[in-house]
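Colleague: In order, the protein sequence lines correspond to chains A and B. Its first residue numbered 2, the first sequence is counted upward by one per residue in this note's numbering. Its first residue numbered 21, the second sequence is counted upward by one per residue in this note's numbering. Encoded as structure tokens, here's the structure I'll be asking about.
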Amino acid sequence: MSVLQKSLHPDEKYKAGKLGSGLSNIGLGIAAVFLGVSIALGAAQGDHWKRFFYAYVIGWSYIFSICVGVFWLILLHHLVRGRWATVVRRIAEAMTMAFPVVFVAGLVFVIALLAGYKDLYYWAHPDAALCLEKTATGCHEYLHPTLVHKLGWLSPEFFAGRYVVYGVLFTAMAAYFAKKSRQQDDSGDPKLSENMRVASGPAMILYSLLTCLAAFDVLMSLAPKWYSTIYGVNFWGSSCVGGFAALGLLVLGIQRTGRLTHSVSPEHYHDIGKWMFAMTFFWAYTAFSQFMLQWYGNLPEETVWYKYRLFGEWQWVSIAMLVGFFAFPFVFLMSRWTKRIVPSLVFFAVWQLVFHWLDLYWNAMPSYDWTVQQHGAAQIVVGPMTGNTAYHHVGFSPIDLTVWLGLVGVLLFGIGRNLRGNLIPVKDPTLGLSLAHENL
Amino acid sequence: MSDEHTPVPSSPGSGGDDLEHGGTAVRRDGRLFGVLAEYDTPGELVEAARKVRDAGFTEFDCYSPFPVHGIDEAMGIKRTILPLLIFGGGFAGTIGGLLLQWWCNAYNWPWNISGKPSWSIPANVPIAFETTILLAVFTSFFGMWILNRLPQVWHPFFRNERFNHVTDDAFLIGIEARDRRFDPVATAKLLTDAGAITVERVHLDPDPEVRQMPKWITAFIVASTAFALIPFAIAAKARTSHSAEPHIHIFPDMDFQPKYKSDQAMDLFGDGRENRGEIAGTIARGSLDADDTFYRGIEHGGDGDHWTTAFPRQIEINDQLVRRGKNRFEIYCTPCHGHDGRGMGAVPQRVAAAGGAWLARNLVDASNPVAINMPNGQLFNTISNGYNTMMGYAAQIPHADRWAIVLYVRALQRSQNAALDDVPPDQRTGMQMPEAPRP
Chain A
2 MSVLQKSLHP
12 DEKYKAGKLG
22 SGLSNIGLGI
32 AAVFLGVSIA
42 LGAAQGDHWK
52 RFFYAYVIGW
62 SYIFSICVGV
72 FWLILLHHLV
82 RGRWATVVRR
92 IAEAMTMAFP
102 VVFVAGLVFV
112 IALLAGYKDL
122 YYWAHPDAAL
132 CLEKTATGCH
142 EYLHPTLVHK
152 LGWLSPEFFA
162 GRYVVYGVLF
172 TAMAAYFAKK
182 SRQQDDSGDP
192 KLSENMRVAS
202 GPAMILYSLL
212 TCLAAFDVLM
222 SLAPKWYSTI
232 YGVNFWGSSC
242 VGGFAALGLL
252 VLGIQRTGRL
262 THSVSPEHYH
272 DIGKWMFAMT
282 FFWAYTAFSQ
292 FMLQWYGNLP
302 EETVWYKYRL
312 FGEWQWVSIA
322 MLVGFFAFPF
332 VFLMSRWTKR
342 IVPSLVFFAV
352 WQLVFHWLDL
362 YWNAMPSYDW
372 TVQQHGAAQI
382 VVGPMTGNTA
392 YHHVGFSPID
402 LTVWLGLVGV
412 LLFGIGRNLR
422 GNLIPVKDPT
432 LGLSLAHENL
Chain B
21 MSDEHTPVPS
31 SPGSGGDDLE
41 HGGTAVRRDG
51 RLFGVLAEYD
61 TPGELVEAAR
71 KVRDAGFTEF
81 DCYSPFPVHG
91 IDEAMGIKRT
101 ILPLLIFGGG
111 FAGTIGGLLL
121 QWWCNAYNWP
131 WNISGKPSWS
141 IPANVPIAFE
151 TTILLAVFTS
161 FFGMWILNRL
171 PQVWHPFFRN
181 ERFNHVTDDA
191 FLIGIEARDR
201 RFDPVATAKL
211 LTDAGAITVE
221 RVHLDPDPEV
231 RQMPKWITAF
241 IVASTAFALI
251 PFAIAAKART
261 SHSAEPHIHI
271 FPDMDFQPKY
281 KSDQAMDLFG
291 DGRENRGEIA
301 GTIARGSLDA
311 DDTFYRGIEH
321 GGDGDHWTTA
331 FPRQIEINDQ
341 LVRRGKNRFE
351 IYCTPCHGHD
361 GRGMGAVPQR
371 VAAAGGAWLA
381 RNLVDASNPV
391 AINMPNGQLF
401 NTISNGYNTM
411 MGYAAQIPHA
421 DRWAIVLYVR
431 ALQRSQNAAL
441 DDVPPDQRTG
451 MQMPEAPRP
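This is the structure in structure tokens:
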């Protein structure tokens, strides 16, 4: 307990061996089964795949956000010359190296969008900004004052172009840190740590911008007339909750296979739990900041988003979010012991992973109820979020779950592909400090 | 005393040795306070602390320049209860913050602000959040001081020269003589066996004065506390007494600034005024409101001036202008006159509900057609300059918008007194005449 440095335990099993291929096979199996079921359900739905694509966007945001959350740990670790996370960094790197697989999985809805599919993002309709107001003498037509300006940004081609840029940049950044880290396994050159530290600053800026923009594009544009500048930050907070929960579970799963049993201690789980706790509060803080300003300002174009989440059936989901994603884990994760006792940490990690999905569902699904009506030569988009809130149902569908689980399988496949070689950066100069890490 | 010293390695200048070495016998020693052992590294300190703990000692402490990992466990120190206290403090802050807002806003002085509820949880969260943080941090900060029995201005180990390095590079264990297992020789041997570089005895100063806080510090604390209470005393006196004296100006140069404000007297100019008015015969750019019809609603006829019944020539009457008028009307007029112009907007309704009366003109009343019969110019003038308790809106609403409102009021008057014949025949389907014509 008293030493500041430790060396790797001689009996430590830190080689991945068949771990990665096993995990990716499991992931592929899950993905094949659940996505297969989802496709069957989607076809049976008879809604021109609309529900399927909504569920897909939520599921995709979920696996993307977990990579985003874990990547934060890597970037921050290098930026502040962190120590404790060195033992779990290689696993985190394997998780972020799922970015290419995640972005390939997302091509499903991006290509559909490019091919002219208009039932997911209604801004894909050419007349999306056209609005009607009934007057005494007929219909008054006008262009929605904010949406009309956004349609340049929200065009399928530009959207797809940005998506590719996000995919390439996230993959490149994740690959840079993973590659340098593995190089250090061979050479042990401390200069590589310095390289990563220098790169982590600009990467952090780029990472923040890309995360916000991706959240704006993929999730916020489901309700393109509404806007919130803190939306990306709020998405990021939720992502980090999911990311740290997933990291904790994965590390624990790896320990269950007999690997890393001497290296990862309750001290490291404690720190993962601390991050989960901190980001839970951060999520609540930004979510409340977004709500508070729009609720108090009471501008129709802003409050409408909350109106359809705080009244009708959706209010129960909102209450579940407040209690389940914030109040309950906040109060219990505050204690030192809930983070250090592994079963308790596992409980909260699984809990938060479920509620992280519910958060994305809550963000996306109230924007589902919209239809298109012919008006002369134009197609008018009616809804989402119009009319009496009592008629807006949560309308949960099994396809929401199956697509989510299928995409989690895709994520596991992407992670498993990269769990190879050393599971610990064996020659990292800070490894000794990390192994001896202790929370005061 | 000297025979006790023999087994203990010591160095000149340390507390216990001045007498023995005899050179500068300026310090005399009192009762033995304890032994102080120095270790080379934090690791050895932790190991030694563990041995001391295992030997059953309780009255000992470790001193190091920085927090040493694992020292709490090695010394057998129980976890602090400070986190629980902080949680309690934070919780008290949340409840206190909510209670404060409830008492101020909803109980003691409820005040209707734009019809918003006086008690609303979301609006109270930011304040409750701040008070939570405040009390949690206070508990954390002051709780740490109290639990550590700080501030401690004097400690017997201060007499030891090695102890001065404890904020620099020394790792020390001090065992106090009041521990029931303490034995000057055996305890020193234990510490030496645990790897100490040096072990020294520390004696109290025989003069009890030295052990107490210096009198000037006590005096300073008392004086500054008394001084800090003066403003409160003055405020308390001012609240309970009357005085013909002028205000106390704490920052007179802020209260009396060397500058002139509007409409003050000034000797510099012949008229004795600080204001410089408009130069005779000139008009400021954009202020030539020569068109009486547009700017004042007045027409000059052969029989004198009268309110215009038409709209000024600058105003083009179209659908867009009606919409503009509706929009402005709903912003400025509906709170009192209501959306339908019948004079029962939100304000009169609320005042009526509270038992009072707030009269707003029914603009569309055909049985008492004051507003209907007003010429356009008079309506415009009323909007500009007000009428009875209604204040003028000239400062808020530009002239063209005032004319748009006049136009919309005319439209309201038409629509609220419309008959079925006014509706184009192709749009009458589904419309039903009221059973009796409107009064």
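Positions of the beta carbon are idealized from the N, C-alpha and C atoms, including for glycine.
(1) Residues of the stretch 295–310 of chain A in Cβ contact with chain B at a cutoff of 8 Å, in chain order, please.
(2) Less than 8 Å separating the beta-carbons of A:Arg91 and A:Asn423?
(3) Opposite A:Lys135 in the DSSP bridges: which residues?
(4) From the DSSP output, in three-state form, read off B:Gln416 for me.
(5) Between B:Cys82 and B:Leu65, is the Cβ-Cβ spacing less than 8 Å?
(6) Taking only beta-carbon positions, decide if A:Phe178 is within less than 8 Å of chain B.
(7) Check each candidate in A:Phe100, A:Met96, A:Thr230 and A:Leu133 and name the one with the smallest Cα separation from A:Gly384.
(8) Can you give me the C-alpha to C-alpha distance between B:Leu155 and B:Asn347, rounded to a whole angstrom?
(9) Apart from the five residues just before and just after B:Glu298, which ones in its own chain have a Cβ nearer than 8 Å to its Cβ?
(10) So, at 7 Å on beta carbons, what are the nonlocal neighbours of A:Gly157 in its own chain, with the 5 sequence-adjacent residues on each side left out?
(11) Mind checking A:Glu195: buried by the 16 CB within 10 Å criterion, or exposed?
(12) Indicate whether at least one CB of chain A lies closer than 8 Å to the CB of B:Pro355.
(13) Name, please, each residue of chain B whose Cβ falls closer than 9 Å to the Cβ of A:Phe283.
(14) Determine the DSSP secondary structure at A:Cys213, reduced to helix, strand or coil.
(15) What in chain B is Cβ-close to A:Phe289, meaning under 7 Å?
(16) Under a CB-based cut-off of 8 Å, is B:Pro445 close to chain A?
(17) DSSP three-state label for B:Arg198, please.
(18) Cβ of B:Leu379 within 8 Å of Cβ of B:Leu432?
(19) Between which two residues does the beta strand (DSSP E) harbouring B:Ile318 extend?
(20) Looking only at its own chain, which residues have a Cβ that is under 6 Å from the Cβ of A:Phe283, when we skip the five neighbours before and after it?
(21) Tell me, please, which residues DSSP counts as bridged to B:Phe191.
(22) Quick one: grab the DSSP three-state call for A:Asp128.
(23) Have a look at B:Arg182 and B:Pro85 and give me their C-alpha separation to the nearest angstrom.
(24) Using 8 Å for Cβ pairs, my map puts A:Arg183 next to A:Leu80. What's the rounded Cβ distance?
(25) For a cutoff of 8 Å on Cβ pairs, would you count B:Pro142 as touching chain A?
(26) For B:His41, does the three-state DSSP call read helix, strand or coil?
(27) Along the stretch 83–97 of chain B, where does the CB come closer than 7 Å to a CB of chain A? Name the residues.
(28) Excluding sequence positions up to five away, which residues of its chain have a Cβ less than 8 Å from the Cβ of B:Thr409?
(29) Quick one: grab the DSSP three-state call for A:Gln316.
(30) At a CB-CB cut-off below 8 Å, which residues of chain B make contact with A:Leu5?
(31) Out of A:Arg257, A:Gly249, A:Trp61 and A:Ile381, state which residue places its alpha-carbon closest to the alpha-carbon of A:Val347.
(32) Kindly list the residues whose CB is nearer than 6 Å to the CB of A:Met386, restricted to its own chain and excluding five residues on each side of it in sequence; keep chain order.
(33) For a contact meaning CB atoms closer than 9 Å, what does A:Leu432 contact in chain B?
(34) Applying the criterion that 16 or more other CB atoms from any shown protein chain within 10 Å of the CB defines a buried residue, is B:Glu467 buried or exposed?
(35) Give the residues from the stretch 412–440 of chain A that approach chain B closer than 8 Å (Cβ to any Cβ), ordered along the chain.
(36) Ignoring anything shorter than 3 residues or poking outside the stretch 27–66 of chain A, list the beta strand (DSSP E) runs there in chain order.
Modeller: Result, derived from the coordinates:
(1) Trp296 and Tyr297
(2) yes
(3) A:Cys140
(4) coil
(5) yes
(6) no
(7) A:Leu133
(8) 48 Å
(9) Ala304
(10) In the sequence under discussion, the amino acid at residue 157 of chain A is Pro, which differs from the Gly named in the question. Closer than 7 Å at the Cβ level, and outside the excluded window around A:Pro157, lie Leu114, Leu115 and Ala125.
(11) exposed
(12) no
(13) Those within 9 Å of A:Phe283 in chain B number zero; the least Cβ separation is about 13 Å.
(14) helix
(15) Val145
(16) no
(17) coil
(18) no
(19) Ile318 to Gly321
(20) Gly238
(21) B:Tyr59
(22) coil
(23) 13 Å
(24) The pair is not a contact, with the Cβ atoms about 20 Å apart (cut-off 8 Å).
(25) yes
(26) Per-residue confidence for B:His41 stands at a pLDDT of 43, beneath the threshold of 50, marking its modelled position as unreliable; the derived number appears in the next sentence. B:His41: helix per DSSP, three-state reduction.
(27) Pro87, His89, Gly90, Glu93 and Ala94
(28) Leu379
(29) helix
(30) Pro62, Gly63 and His89
(31) A:Gly249
(32) Val305 and Tyr309
(33) Ordered by position in chain B, no residue passes the 9 Å Cβ test against A:Leu432, which lies about 17 Å from the chain.
(34) Nothing in the structure corresponds to residue 467 of chain B, since chain B is present only between 21 and 459.
(35) Ala437 and Glu439
(36) none
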